[in-house]
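**Student:**
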Amino acid sequence: MDLALAPETLARWQFGITTVYHFLFVPLTISLAALTAGLQTAWVRTNKEKYLKATKFWGKLFLINIAMGVVTGIVQEFQFGMNWSDYSRFVGDIFGAPLAFEALIAFFFESTFIGLWIFGWDKLPKKIHLACIWMVSIGTVLSAYFILAANSWMQHPVGYRINEERGRAELTDFWRVLSQDTAVTQFFHTITAAFLVGGAFMVGIAAYHLARRKHVPVMRTSLRLGLVTVIAAGLLTAVSGDFLGKVMFKQQPMKMAAAEALWDGEAPAPFSLFAYGDVDKGHNEVALEIPGILSFLANGDFDSYVPGINDINKMEQEKYGPGDYRPNIPVAYWGFRWMIGFGMASFALGVLGLWLTRKKFLLPAALRTGEDEVPNLVLFRRKALSPRFARWYWITALWTMTFPLIATSWGWIFTEMGRQPWVVYGVLRTKDAVSPGVSQGEVLTSMIVFTLLYAVLAVIEVKLLVKYVKLGPPELTEADLNPPTKIGGDDRDADRPMAFSY
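Number 1228 in this note's numbering belongs to position 259 of the sequence shown; there are no gaps in the numbering.
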């Protein structure tokens, strides 16, 4: 049988496709929930219409995104029983605990407050309604933490014992699973990256409207909020990534050596800018490096020794038995660089955008108006910035919204592929986790069905987002501007059923 069509390979492809697709929605859900809550807070505090319009506009996009995220996330649960039953049997006692908490939060806590927020615009007082969206935001963060704790246990298993009689791992310390440094550092890195995604998403859409001179007050505010978010999140993502890298160097030295294509240990160890090598021979044929930087990233100094891929492979063969314990080196190496490259490009464009949108540049004083459309105004001052450069900035800002999504996708690919050949590092190999009774044809069929289904969902998602993005912020009604002061609304509306806000 062709190895490329083996059930294990197909099962990995299927899980990879569905996971990366699902993860496109997760960071946007987390960040948009918080950003929407922040905009609504600004409205409650200032009573300015632009904040209410912004809340309703971004809230609508948030709801579309979270709905698609829930739908695609459910498929992940199916695959544990379909293609990875041996994994589920072996680690179900441990992996199932944080997964259960995540499900409780996502399907009960978050959904309850999302419902109250959607239908409570004309039934709940301002501050109580505001509290609902903040509860949703908190729920998304907590949900993410439990999922990341489960994944971190796969990267660095703690708080368990192996029951030899039953042939499975059993949980002994749930708190240690939740609080280990792998989970904490991975959580902060993922959350900050999520806000990088949300900030860029906001920048891109705001740039689209501002380039067309539409909805200027709302989009100007959204653009500045998005740019500040991109810059803050970019800095924090870099800092948290450095902490996570140091943890990985200690816990998974093979993954980080593969990320740098460091074949043989060195002191000091260089950071690779570009490398091309022969995986079978275990060396680089071309290498462009900066001396000492990898030692600093690994251990906090510029002179320490960092083991290489060949060294670690020999150590793991001695510890775990014969075999090849190297991951896919090109995927790990380039995935690491795509993650960093697109993430830092987003940060750089955010810095440029924040500077360009000062009062004297892209958004001059003439544009700060209460009107939604300003077709007759010149958007750029020729003396401050050339119209051609400004036009290209808006186009770049629009496409920048995809950069963090590419970065986070490659980050997950690197995280999971770099752990191979282990599904639970040092405990359970991937080849031993696949369902033994599932055939090549069955896995291939389900992979094709899920991929086609996701393609249809992608079309639906994009069409919905494009439709409501083009419509822009909604017109406000009297009910929007004057919400009730008590739960249930005014007495004259007591018998009116709750209405869907959007």
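Beta carbons: idealized from backbone N, C-alpha and C, even for Gly.
Please classify Phe1164 as buried or exposed, where buried requires at least 16 neighbouring CB atoms within 10 angstroms.
**Tutor:** Looking at its Cβ environment, which holds 16 or more other Cβ atoms inside 10 Å, Phe1164 is buried.
**Student:** Taking the alpha-carbon positions, what's the Ile1107 to Phe1078 distance?
**Tutor:** Between Ile1107 and Phe1078, the C-alpha separation is close to 10 Å.
**Student:** Report the three-state DSSP secondary structure of Glu1071 (helix, strand or coil).
**Tutor:** The answer is helix: DSSP assigns Glu1071 an H, G or I state.
**Student:** Going by beta-carbon coordinates alone, are Gly1387 and Ala1301 separated by less than 8 Å?
**Tutor:** Cβ distance < 8 Å, so Gly1387 and Ala1301 count as in contact.
**Student:** Check Thr1338 in the structure and name its three-state DSSP category.
**Tutor:** For Thr1338, the predicted structure reports a pLDDT of 44, less than 50, and the residue's modelled location is therefore unreliable. The matter cannot be settled from this model.
**Student:** Where does Ser1241 fall in DSSP's three states?
**Tutor:** Correct three-state label for Ser1241: strand.
**Student:** Can we say the region 1365-1384 touches the region 1015-1022, given the rule of at least three CB pairs closer than 8 Å?
**Tutor:** With a cut-off of 8 Å, the region 1015-1022 and the region 1365-1384 do not count as touching, because too few Cβ pairs lie within range.
**Student:** Taking only three categories from DSSP, how would you classify Asn1016?
**Tutor:** DSSP places Asn1016 in coil when its eight states are reduced to three.
**Student:** Between which residues of its own chain and Thr1109 is the CB-CB distance below 7 Å, once the five residues before and five after are set aside?
**Tutor:** Answer for Thr1109: Thr998, Ile999, Ala1002, Glu1079, listed in chain order.
**Student:** Specify the secondary structure class of Glu1133 as computed by DSSP and reduced to three states.
**Tutor:** Three-state result, Glu1133: coil.
**Student:** If distances are taken between C-alpha atoms only, which option among Phe1156, Asp1091, Met1104 comes closest to Ser1121?
**Tutor:** Checking every option, the nearest Cα to that of Ser1121 belongs to Phe1156.
**Student:** Looking at the unbroken alpha helix (DSSP H) that takes in Trp1232, where does it start and where does it end?
**Tutor:** Where Trp1232 is concerned, there is no enclosing alpha helix (DSSP H), given that its DSSP letter is neither H nor E.
**Student:** When you compare only the Cα positions, how much space is there between Arg1058 and Asp1293?
**Tutor:** Straight-line Cα distance between these residues: approximately 25 Å.
**Student:** Any idea what DSSP makes of Ala1226, helix, strand or coil?
**Tutor:** Here Ala1226 sits in helix by DSSP.
**Student:** Looking at Ile1382: is its Cβ nearer than 8 Å to the Cβ of Phe1311?
**Tutor:** Their beta carbons are not under 8 Å apart, which means Ile1382 does not touch Phe1311 by this criterion.
**Student:** Applying the 10 Å Cβ sphere with the 16-neighbour rule, what's the burial state of Leu1194?
**Tutor:** Counting Cβ neighbours within 10 Å, Leu1194 comes out buried, since at least 16 surround it.
**Student:** First and last residue of the alpha helix (DSSP H) that includes Trp1090?
**Tutor:** Counting along the chain, Trp1090 falls outside any alpha helix (DSSP H), and DSSP gives it neither H nor E.
**Student:** Closer than 6 Å by C-beta to Lys1288: which residues in its own chain qualify, once you throw out the five before and the five after it? Chain order, please.
**Tutor:** So the list is empty, once near-sequence residues are dropped.
**Student:** Considering only residues of the region 1142-1184, which uninterrupted alpha helix (DSSP H) runs meet the minimum length of 4 residues and lie entirely inside it, listed in chain order?
**Tutor:** For the region 1142-1184, whole alpha helix (DSSP H) runs of length 4 or above, ordered along the chain, are 1143-1148, 1150-1180.
**Student:** Does the region 1176-1184 touch the region 1209-1216, meaning 3 or more C-beta pairs lie closer than 8 Å?
**Tutor:** No, because fewer than three Cβ pairs between the region 1209-1216 and the region 1176-1184 fall closer than 8 Å, the two stretches do not touch.
**Student:** Just the C-alpha distance for Trp1027 and Phe1218, rounded to the nearest angstrom, thanks.
**Tutor:** Distance between the alpha carbons of Trp1027 and Phe1218 is about 39 Å.
**Student:** The ligand GDP and Ile1298: does any heavy atom of the ligand fall closer than 7 Å to the residue's C-beta?
**Tutor:** As for the ligand GDP, it is missing from this structure, which has no ligand bound.
**Student:** For Glu1229, which residues of its own chain have a beta-carbon under 7 Å away from its beta-carbon, when the five flanking residues on both sides are left out?
**Tutor:** Phe1240, Ser1241, Leu1263.
**Student:** Distance check for Met1051 and Ser1404, CA to CA, integer angstroms please.
**Tutor:** For Ser1404 and Met1051, the distance between alpha carbons rounds to 7 Å.
**Student:** Leaving out the 5 sequence neighbours to the left and right, which residues in its chain are closer than 6 Å to Met1123 when beta-carbon positions are compared?
**Tutor:** For Met1123, where only same-chain residues beyond five positions count, the Cβ hits under 6 Å are Val1393.
**Student:** Near Leu1433, which residues of its chain fall below 8 Å by C-beta distance, leaving aside the five closest residues on each side in sequence?
**Tutor:** Closer than 8 Å at Cβ, skipping near neighbours: Ile1033.
**Student:** Please state if the CB of Ser1378 and the CB of Leu993 are separated by a distance shorter than 8 Å.
**Tutor:** Yes, Cβ-Cβ distance for Leu993 and Ser1378 is below 8 Å.
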